[in-house]
Amino acid sequence: MHVFASHQHRSHHAYELQRGKLALSTESPDRAERIRDALKNAGHALSKPDELDHDLLQRVHDAKYLEFLSSAWRRWAAEVDADAPAMAISWPERGRNVIRPENIVGQLGYHSFGADCSIVDGTWEAAMAAASLAHSATNAVITGAHVAYALCRPPGHHATKDQFGGYCYLNNSAIAAQRLRDAGNKRVAVLDVDYHHGNGTQAIFYDRADVLTISIHADPTHEFPWFTGHAAESGSGDGVGHNLNYPLSKGSSFDAFRTALILAVEHIVATDVEALVIALGVDAYVDDPLGTFTITTEDFAKMGAIISECHLPTVIVQEGGYATDALGTNVAAFLSAF
Ligand code: Q9C
Ligand code: ZN
């Protein structure tokens, strides 16, 4: 399998508000190092990413957001505090047309949706490297590989067109899907198996019929991202019927997960999907500190085998997963079964 990885992720380790206290994020550099080691040990050759196409980035994210992300740390360090992470402290009131503020503190509120995420020196460089890994893996598939994996860190599926949150800044899975579309695949599916709802990917493609978005996740009634991921969210405008959510109760086992997964795979196979992106979070793992599901390493292998039955050119993009010691094993189990 083609595996794309980079050391650039090391420049990013943000702070997050945890139970009312600021702490170094659970989304740590160690995560990617462990996955990398496991894949190397499993015999995969690792490729470096190529340069990211800025036009592609702009087909997924707003130009103003990209300008903000690329300069946020510099502005915060110069105008606020070079020794503290750049974080929002206020967000817009619901239900109003919001005017984007000029000030860096105001823009942090405008361009984020949570305090689980901040910007530090090196965040932009790492986010860009992750996006270029997704782009490179997709290029490998476009040029004939059946499957390629991008070891993206920071993850991406919570990032919308113009907001960061949930440890995500640039939506790597959406970038892969858009690249597959640009290469001529008429319809593309993103299948998100991360424990959390892929709200950003859903939002980016919500009014489009050309990208089917499917997410299996913990019911947002009781879990982050709290406000999206319900079964009734089916798309809008041209996109009606092209978004599927499978919220599962807290503590779900692989039985419940597999039932949803089989429905998702059947839906993909039954419609005219030409290429697939898997948003591979492994935080559904039984020992994940952020999750409540009871999925085991063997279950991740079964998950990989079930999804491979789509028989589609596939880009696998790393999303969440926080049980550091087991991350590499779980990702390797999924990939080898796939
Ligand atoms: N401190 C992904 O898995 N809430 N993001 C954490 C515990 C945010 C997860 C609460 C979870 C974000 C990509
Ligand atoms: Zn997650």
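Per my numbering: the sequence shown = residues -6 to 331. In this text, a Cβ means the ideal position worked out from N, Cα and C, and glycines have one as well. Owing to the predicted nature of the structure, the values given are computational and were not obtained by experimental measurement.
{"Asked": "Any 3 or more C-beta pairs closer than 8 Å across the region 61 to 81 and the region 23 to 38", "Found": "no"}
{"Asked": "Buried versus exposed call for L15 [16 or more other C-beta atoms within 10 Å across all chains shown]", "Found": "exposed"}
{"Asked": "Cβ-heavy atom distance, H150 to ligand 1, below 7 Å", "Found": "yes"}
{"Asked": "Nearest-angstrom Cα separation, counted from G88 out to V140", "Found": "42 Å"}
{"Asked": "Cβ of S21 within 8 Å of any chain B Cβ", "Found": "This model lacks chain B altogether, as it is built from one protein chain only."}
{"Asked": "Range of the contiguous beta strand (DSSP E) that encloses P240", "Found": "N236 to L241"}
{"Asked": "Cβ shell of D200 (< 8 Å), same chain only, five flanking positions each side left out", "Found": "G228, S229, G230, D231 and G232"}
{"Asked": "Through-space distance from V183 to R67, alpha-carbon basis", "Found": "34 Å"}
{"Asked": "D185 - partner residues in DSSP beta bridges", "Found": "S208 and A272"}
{"Asked": "Proximity of S83 and G102 at Cβ, strictly below 8 Å", "Found": "yes"}
{"Asked": "Backbone secondary structure at Q311 - three-state DSSP", "Found": "strand"}
{"Asked": "C-beta contact flag for G193 and C161 at 8 Å", "Found": "yes"}
{"Asked": "Span of the alpha helix (DSSP H), counted from its first residue to its last, around Y103", "Found": "I97 to Y103"}
{"Asked": "Helix, strand or coil at I92 according to DSSP, with G and I counted as helix", "Found": "coil"}
{"Asked": "Segment limits, beta strand (DSSP E) that includes F(-3)", "Found": "H(-5) to F(-3)"}
{"Asked": "Which of helix, strand or coil DSSP assigns to V262", "Found": "helix"}
{"Asked": "CB-CB length for F286 against F250, believed under 8 Å", "Found": "7 Å"}
{"Asked": "Rounded C-alpha distance that separates A81 from S105", "Found": "7 Å"}
{"Asked": "Helix, strand or coil at E9 [DSSP, three-state]", "Found": "strand"}
{"Asked": "Residues with C-beta closer than 7 Å to any heavy atom of ligand 2, in chain order", "Found": "D187, Y188, H189, G274, D276, L283, E312 and G313"}
{"Asked": "Closest Cα partner of R3 within the set P85, G115 and D175", "Found": "G115"}
{"Asked": "Complete alpha helix (DSSP H) runs within the region 96 to 149 (minimum length 4 residues, chain order)", "Found": "97 to 103 and 116 to 135"}
{"Asked": "Spatial distance of G321 from H215 (CA atoms)", "Found": "28 Å"}
{"Asked": "Any non-hydrogen atom of ligand 1 within 7 Å of Y278 CB", "Found": "no"}
{"Asked": "Which residues DSSP lists as bridging A79, in chain order", "Found": "I112"}
{"Asked": "Pair within 8 Å by beta-carbon distance, N164 and H150", "Found": "yes"}
{"Asked": "Under the three-state DSSP convention, the category G158 falls into", "Found": "strand"}
{"Asked": "V308 to L62 span [Cα, whole Å]", "Found": "25 Å"}
{"Asked": "Own chain residues within Cβ distance below 6 Å of H(-5), not counting five before or after", "Found": "A133, A138 and A141"}
{"Asked": "Any beta strand (DSSP E) of 3 or more consecutive residues that is wholly inside the region -4 to 62", "Found": "8 to 11 and 14 to 17"}
{"Asked": "Selected residue, minimal CA-CA separation from A38, among D265, A143, A224 and L256", "Found": "A143"}
{"Asked": "Residue closest to T264, alpha-carbon to alpha-carbon, out of A202, I299 and I209", "Found": "A202"}
{"Asked": "Reference A119; option with closest CA among L45, D281, A298 and A268", "Found": "L45"}
{"Asked": "Proximity below 8 Å, CB of R52 to CB of Q171", "Found": "yes"}
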